[in-house]
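Trainee:
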Amino acid sequence: MDGMFNYGAPDQGESENGASLKPRVAFGGILRRDGQENGDRMEQDLSADPDWRPEFAEGFVDPDQEGHAPASASDQEEEERPAEEEGETSGEEQGEEGGNVNEATMARSDDPVRMFLREMSGTDLLTREQEIALAQRIEAGRDAMLAGLCESPLSFNHLREWRAALEQGQMPLRDVVELEAMAADAASPAAAEAEEVEEGEPAPHATLDEKMKPEVLAAFTAAIEAHDALRKLPMNSEAALAFRVEMVGLFGALRLRPARLDLLVGQMRDVNRRLLSLDGRALRMATAARMDRELVLRLWDGSEKGMQALLAAAAAQKTSSARREAALAELREGLPQLRAAIAGLEQEASLPAAELRRVCAEVGQGERDMRKAKEELTRANLRLVVHIAKRYRNRGLMFGDLIQEGNIGLMRAVDKFDWRRGFKFATYATWWVRQAITRSLADQARTIRVPVHMTETVGKVARMSRRFAQKAGREPTPEELAGELGMSVDKVRAVQRLAREPVSLENPVGEDDDGRLGDFIEDENAVVPFEAAARSSMRDATMRILSDLTPREERILRMRFGIGGESDHTLEEVGKTFNVTRERIRQIEAKALKKLQVSKRGKSLRSFLA
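At position 378 of the sequence shown (counting the first as 1) the number is 378 in the UniProt record's numbering, and the numbers step up by one without a gap.
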């Protein structure tokens, strides 16, 4: 998946001649593979309805499944956009929607978005049956991965730590489990009660956390106790095999967050890497002693018995050279060290080496199968992301960034998709993609970030202002907007202040554009020219009158008053410098000051005191 979203294919939606196509092509063209017949395409599903119009595409949700996909308020705002705003599409954009792209231009283009779209266009869309097959492969891979994790005591060590942290309130539930999914699986009355919140109130996260905490802790306890019971049964007994099936269900019911599962899988991957490294060292030492590779692989399994068998086979080898004898000696000395290291791994994982290899292989294979199926499902729906992202251009983010944000939402939809609910994946994924894009616009599009809930209000006020201006021919007052929207005047004024766009200090000012806005903003830290000139004159005058004193008197005054230095000095400090008493320094200072008072030059300083 790492390289999946490198910007890549020419925008099949960008036409050089800007041809305008019919509205149906805008949505249908992005969802079908050109020139191929497909038995079950979303376009055909939509086109079969005589009442279908492309405007319905963004709200296309199965009526019976309407509650299964997340829809944010910002998504609903998008549906409320006026017809005139929807129609503000240039001929070039309409050509992009239609997908009329010159093939020669596509091949020559080095634009990253065009390259991404060219690569994306080579992936076939999926039928409903193919979507179900991929979703089932994802589930099968996940179940296999969970089955392996269930047999690893390392996983349950983490579960115990997380349960203790949850009990003590040191960790939020949402950091460990997918709370909403767990509540939906259990059809929990607590979750239903937490959702009963009046309109306008914040999301009931704290309420749901509090209500679901006993059920989450009970699920953790059930899984841990089942694992402890399984450890007491004989490994290959029928009871143990049946218990493992139950364990997978209990472990899956925890609904651990992907980051937590990645932590458990990463731990198994690290143990496996260390074990393979030790096995590799044993194999290299044995082959260096001219032992048969197949024989070594058959005898060595990391156990004490395997080590003894390999050592016996090595002892039976007939040495024919000093070099081979040295290699055999190194093998006899190194194998016990490798066995000790493997024993440490066995103790750490609480599993014999052979079982540890089997569990790691099962976890790794399940993870690979799951990721491969997810990648296929994601790649096949990248066109949907591009189609949705085009509606959000010119709102503060580049088109490539919108596609990337939409891809993140698409991957989230792949993780959450449940094929048993009956709707197609594109229907479900649309809401996740739109939510990801609208949230990214709210978080990143403005230099000064506006909270998401205020972004929705700003959009409502902006749309009402446009409608009022079109009808009345003038901008509305805050009082008029408040009356139309049912808000208080103070709230409308606050929203209008938030809606102001940042202005660059480099903006030209004046009829000839010969000035910049930043030139007219006061710099409070800047030095006033008059004050700078006055200080310079006073410094010069001070230097002149000090020159009338003897060098000794001048230096003493400079040190006492910090003239030309970093700070002033006490009488005692000056006395130590001149190796005289502080009283003598005081007398010299008084005499020098008296000289300055009667000096003609000293009178010039009085003007600076006025």
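Every residue gets a Cβ at the ideal spot worked out from N, C-alpha and C, and that includes glycine.
Three Cβ pairs or more, each shorter than 8 Å: is that satisfied between the stretch 315 to 328 and the stretch 357 to 373?
Mentor: Output reads no: the stretch 357 to 373 does not touch the stretch 315 to 328.
Trainee: Checking 9 Å against the spacing of the C-beta atoms, do R281 and L338 come in under that value?
Mentor: Yes, the pair counts as a contact, with Cβ atoms nearer than the cut-off.
Trainee: In three-state DSSP terms, what is P508?
Mentor: It is a strand residue.
Trainee: May I ask which residues mark the beginning and end of the alpha helix (DSSP H) holding N407?
Mentor: Start and end: F399 to K416.
Trainee: Count the other CB atoms, across all protein chains shown, that sit within 10 Å of the CB of L517; report buried if there are 16 or more and exposed otherwise.
Mentor: By the neighbour-count rule (16 or more Cβ atoms within 10 Å), L517 is not buried but exposed.
Trainee: With H, G and I counted as helix, E and B as strand and the rest as coil, what does DSSP make of G95?
Mentor: At G95, the pLDDT of 37 sits below 50, so the modelled position is not reliable; the number obtained from the coordinates is stated separately. Helix.
Trainee: Let's see if you can read the secondary structure: which residues bound the alpha helix (DSSP H) around G266?
Mentor: P258 to A288 is the span of the alpha helix (DSSP H), which, as asked, contains G266.
Trainee: For the candidate residues R273, A327, K305 and M268, whose alpha-carbon lies nearest to that of R290?
Mentor: Here the closest residue by C-alpha is A327.
Trainee: Quick one: is F220 buried, meaning 16 or more other Cβ sit within 10 Å of its Cβ, or exposed?
Mentor: Answer is buried; the Cβ neighbour count reaches 16.
Trainee: If L173 and K211 are in contact, beta carbons under 8 Å, what's the gap, nearest whole angstrom?
Mentor: Incorrect: roughly 10 Å between the Cβ atoms, too far for contact.
Trainee: Could you tell me the alpha carbon to alpha carbon distance between E554 and K600, rounded to whole angstroms?
Mentor: Distance between the alpha carbons of E554 and K600 is about 17 Å.
Trainee: Who are R516's beta bridge partners in DSSP?
Mentor: The partner list for R516 (beta bridge, DSSP) reads P508.
Trainee: Run the CB neighbour count on N381, radius 10 Å, all protein chains shown included, and call it buried at 16 or more, exposed below.
Mentor: Buried, since its Cβ has 16 or more Cβ neighbours within 10 Å.
Trainee: For V452, which residues of its own chain have a beta-carbon under 6 Å away from its beta-carbon, when the five flanking residues on both sides are left out?
Mentor: Contacts found: A442.
Trainee: Following a CB-centred definition, is K211 positioned closer than 8 Å to any heavy atom of the ligand NAD?
Mentor: Judged by which ligands are present, the structure shown has none, so any question about the ligand NAD falls away.
Trainee: Measure the beta-carbon distance from I545 to V574 and round it to whole angstroms, keeping in mind my assumption that it falls under 8 Å.
Mentor: Not confirmed; about 20 Å, so no contact.
Trainee: Got a sec? Which residues, its chain only, sit under 8 Å from E475 by beta carbon, not counting five neighbours each side?
Mentor: The answer, listed in chain order, is S465, F468 and A469.
Trainee: List the DSSP bridge partners of F561.
Mentor: According to DSSP, which records beta bridges pairwise, F561 is partnered with nothing at all.
Trainee: Relative to the C-alpha of G396, which residue among E348, E294, P502 and F417 is closest?
Mentor: For G396, the nearest C-alpha among the options comes from P502.
Trainee: Work out the CA separation of L208 and P63 for me, nearest whole Å.
Mentor: Here the model assigns P63 a pLDDT of 33, short of 50, so the residue's position is not dependable, and the following value carries that caveat. Looking at the two C-alpha atoms, the distance is approximately 27 Å.
Trainee: Can the beta-carbon of E161 be found less than 9 Å from the beta-carbon of V271?
Mentor: No, they are not a contact pair.
Trainee: Would the beta-carbon of V528 fall within 9 Å of that of V495?
Mentor: No, these two residues do not count as a Cβ contact at 9 Å.
Trainee: Would A312 and A286 be called neighbours here (beta carbons separated by less than 9 Å)?
Mentor: The answer is no: Cβ separation not under 9 Å.
Trainee: If you check the beta carbons only, do R293 and L283 fall under 9 Å apart?
Mentor: Cβ distance < 9 Å, so R293 and L283 count as in contact.
Trainee: Below 8 Å on the Cβ atoms is my contact criterion, and I expect L498 with V433 to pass it. Report the Cβ-Cβ distance as a whole number of Å.
Mentor: The Cβ separation is near 27 Å, so there is no contact.
Trainee: Which residue wins for smallest C-alpha separation from T378, given the options A429, R606 and I342?
Mentor: Ranking A429, R606 and I342 by Cα distance to T378 puts A429 first.
Trainee: Helix, strand or coil, according to DSSP, for V433 in the structure here?
Mentor: V433: helix per DSSP, three-state reduction.
Trainee: In whole angstroms, what separates the C-alpha of I408 from that of L481?
Mentor: In a straight line, the C-alpha of I408 is about 37 Å away from that of L481.
Trainee: Could you check what DSSP says for V580 in three-state terms: helix, strand or coil?
Mentor: Looking at V580 - three-state DSSP - the assignment turns out to be coil, as it is neither helix nor strand.
Trainee: Would you kindly check if the distance between the Cβ of V414 and the Cβ of M120 is under 9 Å?
Mentor: Contact: no.
Trainee: Sort E376, M543, M235 and F399 by Cα distance to A135 and report the nearest one.
Mentor: Of the candidates E376, M543, M235 and F399, the one whose C-alpha sits nearest the C-alpha of A135 is E376.
Trainee: Could you spell out where the alpha helix (DSSP H) holding F423 opens and where it closes?
Mentor: From DSSP, F423 is part of no alpha helix (DSSP H); its letter is neither H nor E.
Trainee: Give every residue of the same chain whose Cβ lies closer than 8 Å to the Cβ of I588, excluding the five residues on either side of it in the sequence, and list them in chain order.
Mentor: Within the same chain, I588 has close Cβ partners R552, E553 and I556.
Trainee: Starting from M307, trace the alpha helix (DSSP H) both ways and give me its first and last residue.
Mentor: Here the alpha helix (DSSP H) through M307 covers E304 to A315.
Trainee: According to DSSP, residue 613 sits in a beta bridge with which residue or residues?
Mentor: The structure shown does not extend to residue 613, since the chain is modelled only from 1 through 610, so no value can be given for it.
Trainee: Straight-line CA distance for A223 to A183?
Mentor: Rounded to the nearest angstrom, the two C-alpha atoms are 17 Å apart.
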